[in-house]
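When you line the sequence shown up against the numbering used here, it's residues 8 to 356, in that order. One structure is given below, encoded as structure tokens.
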Amino acid sequence: MFINVTPETLHRQKAQGHIIVDVRSPKEFAEATIPGAINLPLFSDEERALVGTTYKQQGQQAAKDLGLQLFSKKLPDYVRQFQELDAPVTVFCWRGGMRSKTVATVTDLMNVKASRLTGGIRAYRNWMKEQLQTLPLPPFYVLNGHTGNGKTQLLRQLKQEGYPVIDLEGMAGHRGSIFGHIGLEPNNQRLFNLKLGEALLEYQQAPYILIEGESARIGKVIIPERIYQHKASSLQLVLDLPVAERVQIILADYSPEDSPEAFTAAFEKIRRRIHTPVAKAVSSALEEGDYPSVVKNLLTTYYDPHYDRSTDYPKDQTVYLEARTIEEAKDQLTSWLRHEHGLSFIKHP
8 MFINVTPETL
18 HRQKAQGHII
28 VDVRSPKEFA
38 EATIPGAINL
48 PLFSDEERAL
58 VGTTYKQQGQ
68 QAAKDLGLQL
78 FSKKLPDYVR
88 QFQELDAPVT
98 VFCWRGGMRS
108 KTVATVTDLM
118 NVKASRLTGG
128 IRAYRNWMKE
138 QLQTLPLPPF
148 YVLNGHTGNG
158 KTQLLRQLKQ
168 EGYPVIDLEG
178 MAGHRGSIFG
188 HIGLEPNNQR
198 LFNLKLGEAL
208 LEYQQAPYIL
218 IEGESARIGK
228 VIIPERIYQH
238 KASSLQLVLD
248 LPVAERVQII
258 LADYSPEDSP
268 EAFTAAFEKI
278 RRRIHTPVAK
288 AVSSALEEGD
298 YPSVVKNLLT
308 TYYDPHYDRS
318 TDYPKDQTVY
328 LEARTIEEAK
338 DQLTSWLRHE
348 HGLSFIKHP
């Protein structure tokens, strides 16, 4: 007999190598799921819609009968997909209803070790929302500085090396500027909160967390107030790179030549805020495909002045890192971390 598990237990199971299976439709899965879950849908999008219509028009029993009819046709192949998984399985649906119960029952009958999330993804989201409000927060070290200084690139390199890093832009699917959506698939608030909560749970024992300086809104999502205020009151690490280096970082990150229309459309949204002669120069450079000039102009006449006007960190809350390249900045930052924390600066898996 399968067992029902709580959201907290499911979170521990993930760390233990369990495979988390979302049995909802592909459309539901694409909108938001538990991070790391795979999708083995009980019904396709079309089948789910048909069952829903039947429920509204003919009632619950008719919908159940139709669901059974649809599922029975693909039962052998569906069970085989679970049998091919090489680890214990936990399944979930929207609120722990018939879909996850059906899958857990069938897989158990076929000797597939499975458990089922009580309350479904809705319960997991509510539990994670509570964690975001109550979890103890380690000290944050907030990497700041002018647009294009490689903050995100630097943090992702450090994360790969084992440092405790929360990648807000990665979780949001947005780079945090008017051009930030280009080439990315933005996430919604539900998925962002799940990713953020799981990262904070992962780093509960870390001596600190490295995080990027961002406004409260990143693309379509908003950083929870408690997390944002903790970030704002934390130590700020201000990284300064030459404009020429920042231009190259931005060009490599955004690849404007691959999305010229999107780049131009994004510029038009801020055109009114830029001095007219500069806006004309940027527009001409865009038409000519001269993206280095576009980026340099926007940095020196728009983004840098805006950043300088809007930031004023307390001196006792700020560490300045001045470097010529992103590699040099990384060396400075890791040296500072070693000085502050010794060998505890890396979180070993």
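Note that CB positions come from ideal geometry on N, CA and C, so glycine has one too.
*asked:* Within 10 Å of its beta-carbon, does S317 have 16 or more other beta-carbons around it, so buried, or fewer, so exposed?
replied: exposed
*Given a threshold of 16 other Cβ atoms within 10 Å of its Cβ, counted over all protein chains shown, does Q20 qualify as buried or as exposed?*
buried
_Mapping the DSSP letters down to three states, classify S300 as helix, strand or coil._
helix
*Please check the pair P143 and Y210, which I expect to be a contact at CB under 8 Å, by giving their CB distance rounded to whole angstroms.*
Not quite, the Cβ-Cβ distance comes to about 11 Å (not below 8 Å), so this is no contact.
*Using 8 Å as the Cβ pair cut-off and three pairs as the minimum, do the segment 148 to 156 and the segment 233 to 248 touch?*
yes
_Within the segment 113 to 197, ranges of the alpha helix (DSSP H) (whole runs, at least 4 residues)_ = 127 to 141, 158 to 167, 175 to 179
*asked:* Would I41 and I128 qualify as a contact pair, given that the criterion is a beta-carbon distance under 8 Å?
replied: yes
*Is N200 buried or exposed, if buried means 16 or more other CB atoms sit within 10 Å of its CB?*
buried
*Would you say Q324 and Q243 are within 8 Å of each other, going by their C-beta atoms?*
yes
*State the Cα-Cα distance for the pair G126 and W134, rounded to the nearest angstrom.*
11 Å
_Classification of E221 by the beta-carbon crowding that lies within 10 angstroms, buried from 16 upward_ = buried
*Bridge partner(s) assigned by DSSP for Y327*: V245
*asked:* Per DSSP, what are the beta-bridge partners of D93 in this structure?
replied: None; D93 has no bridge partner.
*Cα separation between V96 and V119?*
8 Å
*What separation, rounded to the nearest whole angstrom, lies between the Cα atoms of S241 and Y148?*
6 Å
*asked:* With a threshold of 8 Å on Cβ separation, who are the neighbours of M8 within its own chain once the five nearest residues in sequence on each side are excluded?
replied: D115
_Length at least 4, wholly inside the segment 20 to 82: the alpha helix (DSSP H) runs in chain order_ = 33 to 38, 52 to 65, 67 to 80
*Can you give me the Cβ contacts of E329 inside the same chain, cut-off strictly under 6 Å, excluding the 5 residues immediately before and after it?*
D247
*Using three-state DSSP, classify F199 as helix, strand or coil.*
helix
_Quick check on E221: does DSSP put it in helix, strand or coil?_
coil
_Other residues of its chain near V254: CB distance less than 8 Å, five sequence neighbours each side excluded_ = G155, P299, V302, K303, L306
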